[in-house]
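Right, one structure below, let's go through it.
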Amino acid sequence: MQDITLQALLEAGCHFGHKAERWHPKASKFIYIEKDGIHIIDLAKTKTGLEAAAEYVRDIVAKGGDILFVGTKRQARGIVKQEAAAVSVPYFSERWIGGFLTNWDQIRKNIEKINRMTTDQASGAWKKFPKHEQSKMARYLERIKIYYGGVLAIAQVPQALFVVDVRKEIAAVREAQRRGVPVIGIVDTNSDPTNIDFVIPANDDAVGSVSFIVHYMAEAYKEGKALYGKLEKAAAEKQENEKLAAEKKMAEETAKMTVESEEKRLAEAKAKKAEKTAEKPKADKAK
Numbered sequence: 001m002q003d004i005t006l007q008a009l010l011e012a013g014c015h016f017g018h019k020a021e022r023w024h025p026k027a028s029k030f031i032y033i034e035k036d037g038i039h040i041i042d043l044a045k046t047k048t049g050l051e052a053a054a055e056y057v058r059d060i061v062a063k064g065g066d067i068l069f070v071g072t073k074r075q076a077r078g079i080v081k082q083e084a085a086a087v088s089v090p091y092f093s094e095r096w097i098g099g100f101l102t103n104w105d106q107i108r109k110n111i112e113k114i115n116r117m118t119t120d121q122a123s124g125a126w127k128k129f130p131k132h133e134q135s136k137m138a139r140y141l142e143r144i145k146i147y148y149g150g151v152l153a154i155a156q157v158p159q160a161l162f163v164v165d166v167r168k169e170i171a172a173v174r175e176a177q178r179r180g181v182p183v184i185g186i187v188d189t190n191s192d193p194t195n196i197d198f199v200i201p202a203n204d205d206a207v208g209s210v211s212f213i214v215h216y217m218a219e220a221y222k223e224g225k226a227l228y229g230k231l232e233k234a235a236a237e238k239q240e241n242e243k244l245a246a247e248k249k250m251a252e253e254t255a256k257m258t259v260e261s262e263e264k265r266l267a268e269a270k271a272k273k274a275e276k277t278a279e280k281p282k283a284d285k286a287k
């Protein structure tokens with residue numbers, strides 16, 4: 001990933017907080033100064049928070065885990081969808097589905113149903129139904145995919161949530177807390193960072209700020225996936241090498257046993273021959 005500079009964060013508008021009158025007292029440690037009634041965020045802390053969050057995401061994904069991006073506010077919706085889709089990370093951009101974390105078994109069944117219906121539609125399996133039934137199912141599938149479209153490939157409860165606005169996505173944050181799922185969040189000056197595991201203090205409203213941070217997190221996910229692929233390949237190669245080594249050892253042991261068996265057979269044959277040779281003079285002498 002590219003190095004984060006304070007200048008880049010400044011140009012993206014990450015430093016602009018909310019009006020001082022709207023601040024949350026617990027966000028004070030991230031505020032650098034108040035200027036013209038607006039709180040200015042300490043970009044050094046933004047940089048530190050973003051780097052720590054990105055490293056965490058990369059490590060989780062590199063170990064085979066998954067992350068869920070959540071950004072349903074108007075300013076973030078398109079950015080989250082575009083960046084997440086580009087690297088195939090699961091995401092919610094329309095609205096949070098209640099129970100996604102706390103009622104995972106039912107959510108998984110819903111996802112399986114949607115995927116099954118999609119497959120049946122594509123394969124022509126729907127042709128056995130009347131036209132009006134096909135239209136009804138198609139409308140249902142189109143409507144449900146608006147909300148589930150970004151999570152249809154997810155196979156497990158995500159190991160962490162990345163949330164663009166922790167106030168807007170409070171339902172997701174609370175579910176994550178109940179399920180014990182760590183939360184990475186962009187925290188503006190009007191938000192409470194108390195229950196956020198990885199805080200990225202920054203403007204969560206400006207398109208430039210949101211775009212910069214979401215893109216950086218998506219790149220961290222991409223790097224983690226690449227590393228996971230390399231580790232999987234290395235593990236597969238190690239397993240194959242161990243298999244070949246075991247087969248070679250077995251072949252060598254089999255060959256050794258064969259040689260030893262042949263040597264034993266020859267020795268026994270030689271001994272019998274010597275025994276017969278020794279008995280012949282005795283027989284001749286007896287005659």
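Residue numbering for the sequence shown follows UniProt numbering, beginning at 1 and increasing consecutively. In this text, a Cβ means the ideal position worked out from N, Cα and C, and glycines have one as well. All values derive from a computational prediction rather than experimental measurement.
Quiz item: Counting pairs of beta carbons, one from the region 87 to 100 and one from the region 67 to 76, are three or more of them closer than 8 Å?
Solution: yes
Practice problem: Pick helix, strand or coil for L266, following the three-state DSSP scheme. | Solution: Numbered from its first residue, the sequence shown carries residue 266 at position 266. Correct three-state label for L266: helix.
Self-check item: Helix, strand or coil at K26 according to DSSP, with G and I counted as helix
Solution: As a working note, residue 26 is residue 26 in the sequence shown. In the structure shown, K26 sits in a helix (DSSP, three-state: H, G or I).
Quiz prompt | Inter-residue CB distance, N203 and H15 (contact presumed, cutoff 8 Å) | solution = Taking the sequence shown and counting its residues from 1, one reaches residue 203 at position 203. Taking the sequence shown and counting its residues from 1, one reaches residue 15 at position 15. Indeed they touch by this definition, with Cβ atoms about 7 Å apart.
Quiz item: Can you name the start and end residues of the beta strand (DSSP E) that G185 belongs to?
Solution: Against the sequence shown, residue 185 aligns to sequence position 185. V183 to V187 is the span of the beta strand (DSSP E), which, as asked, contains G185.
Self-check item: Other residues of its chain near V89: CB distance less than 7 Å, five sequence neighbours each side excluded
Solution: Taking the sequence shown and counting its residues from 1, the one referred to as residue 89 is at position 89. Taking V89 as the centre and dropping the five residues before and after it, the same chain places the C-beta of I67, F69, A218 and Y221 closer than 7 Å to its C-beta, in chain order.
Quiz item: In whole angstroms, what separates the C-alpha of K29 from that of L50?
Solution: As a position in the sequence shown, residue 29 is number 29, starting the count at 1. As a position in the sequence shown, residue 50 is number 50, starting the count at 1. Distance between the alpha carbons of K29 and L50 is about 16 Å.
Exercise. Answer yes or no: do V210 and A8 have a C-beta to C-beta separation smaller than 7 Å?
Key: Within the sequence shown, numbered from 1, the residue matching residue 210 stands at position 210. Within the sequence shown, numbered from 1, the residue matching residue 8 stands at position 8. A distance of 7 Å or more separates the beta carbons of V210 and A8.
Quiz item: So I31 packs on G13, CB below 8 Å; how close in whole Å?
Solution: In the sequence shown, counting from the first residue as 1, residue 31 sits at position 31. In the sequence shown, counting from the first residue as 1, residue 13 sits at position 13. Going by Cβ atoms, the distance from I31 to G13 rounds to 16 Å, so no, they are not a contact pair.
Practice problem: Compute the beta-carbon to beta-carbon distance between P201 and V214, rounded to the nearest angstrom, for a pair I have assumed lies under 8 Å. | Solution: Along the sequence shown, read from residue 1 onward, the residue named residue 201 stands at position 201. Along the sequence shown, read from residue 1 onward, the residue named residue 214 stands at position 214. Not really, about 15 Å apart at Cβ, beyond 8 Å.
Quiz item: Could you give the distance in angstroms between the alpha-carbon of E112 and the alpha-carbon of I154?
Solution: Against the sequence shown, residue 112 aligns to sequence position 112. Against the sequence shown, residue 154 aligns to sequence position 154. In a straight line, the C-alpha of E112 is about 10 Å away from that of I154.
Exercise. Report the rounded CA-to-CA distance for L266 versus A274, giving the unit in angstroms.
Key: Mapped onto the sequence shown, residue 266 falls at position 266. Mapped onto the sequence shown, residue 274 falls at position 274. Whole-angstrom Cα-Cα distance: 12 Å.
Practice problem: Below 6 Å CB to CB, which residues in the same chain sit around R167 once its five sequence neighbours on both sides are set aside? | Solution: The residue labelled residue 167 in the question sits at position 167 within the sequence shown. For R167, where only same-chain residues beyond five positions count, the Cβ hits under 6 Å are S191.
Quiz item: What do you reckon, are the CB atoms on P182 and A160 nearer than 7 Å?
Solution: Looking up residue 182 in the sequence shown gives position 182. Looking up residue 160 in the sequence shown gives position 160. In contact: P182 and A160 (Cβ atoms closer than 7 Å).
Quiz item: With a CB to CB cut of under 6 Å and the five nearest residues on each side skipped, what residues in its chain are close to E83?
Solution: Working through the sequence shown from its first residue, we reach residue 83 at position 83. For E83, where only same-chain residues beyond five positions count, the Cβ hits under 6 Å are V214, H215 and A218.
Practice problem: Starting from the C-beta of L152, find all residues in its chain whose C-beta is less than 7 Å away, skip the five residues before and the five after it, and write them out in chain order. | Solution: Taking the first residue of the sequence shown as position 1, residue 152 is located at position 152. For L152, where only same-chain residues beyond five positions count, the Cβ hits under 7 Å are I111, I114 and N115.
Quiz item: What does a CB cutoff of less than 8 Å around F129 pick up in its chain, not counting 5 residues either side in sequence?
Solution: Mapped onto the sequence shown, residue 129 falls at position 129. Around F129: M137.
Quiz prompt | For V164, three-class secondary structure by DSSP | solution = Residue numbering aside, residue 164 sits at position 164 when the sequence shown is read from its first letter. If DSSP states are grouped into helix, strand and coil, V164 belongs with coil.
Practice problem: Check whether the Cβ atoms of L101 and R179 lie closer than 7 Å to each other. | Solution: Locating residue 101 in the sequence shown gives position 101, where the first residue counts as 1. Locating residue 179 in the sequence shown gives position 179, where the first residue counts as 1. Contact flag set, yes.
Practice problem: May I ask you to list the residues that DSSP assigns as paired with F69? | Solution: Counted from its first residue, the sequence shown places residue 69 at position 69. DSSP output for F69 lists Y91 and F162 as bridge partner(s).
Quiz prompt | Span separating the alpha-carbon of K63 from that of L141 | solution = In the sequence shown, counting from the first residue as 1, residue 63 sits at position 63. In the sequence shown, counting from the first residue as 1, residue 141 sits at position 141. Answer to the nearest angstrom: the Cα atoms are 33 Å apart.
Practice problem: Would you tell me roughly how many angstroms separate the C-alpha atoms of V164 and R108, rounded to the nearest one? | Solution: The residue labelled residue 164 in the question sits at position 164 within the sequence shown. The residue labelled residue 108 in the question sits at position 108 within the sequence shown. The alpha-carbon atoms of V164 and R108 are separated by roughly 24 Å.
Quiz item: What number of angstroms, rounded off, separates the C-alpha of A269 from the C-alpha of E253?
Solution: By 1-based counting over the sequence shown, the position of residue 269 is 269. By 1-based counting over the sequence shown, the position of residue 253 is 253. Spanning the two alpha carbons is a distance of roughly 24 Å.
Quiz item: Exposed or buried, D36, counting other C-beta atoms within 10 Å across all chains shown (16 or more means buried)?
Solution: Numbered from its first residue, the sequence shown carries residue 36 at position 36. With fewer than 16 other beta carbons inside 10 angstroms of its own, D36 counts as exposed.
Exercise. Could you tell me if G124 is buried or exposed, where buried requires 16 or more neighbouring beta carbons within 10 angstroms of its beta carbon?
Key: On the sequence shown, residue 124 is found 124 positions in, with the first residue counted as 1. G124 is exposed by the Cβ-count criterion.
Quiz item: In chain order, what residues of the same chain have a beta carbon less than 6 Å from the beta carbon of K45, not counting five sequence neighbours either side?
Solution: In the sequence shown, the residue the question calls residue 45 occupies position 45. Only F30 and P201 meet the Cβ criterion.
Self-check item: Bridge-paired residues (DSSP) for residue 293
Solution: Any property of residue 293 remains undetermined from this structure, which presents the chain solely from 1 to 287.
Quiz item: Does DSSP put F212 in a helix, a strand or coil?
Solution: The residue given as residue 212 occupies position 212 in the sequence shown. Correct three-state label for F212: helix.
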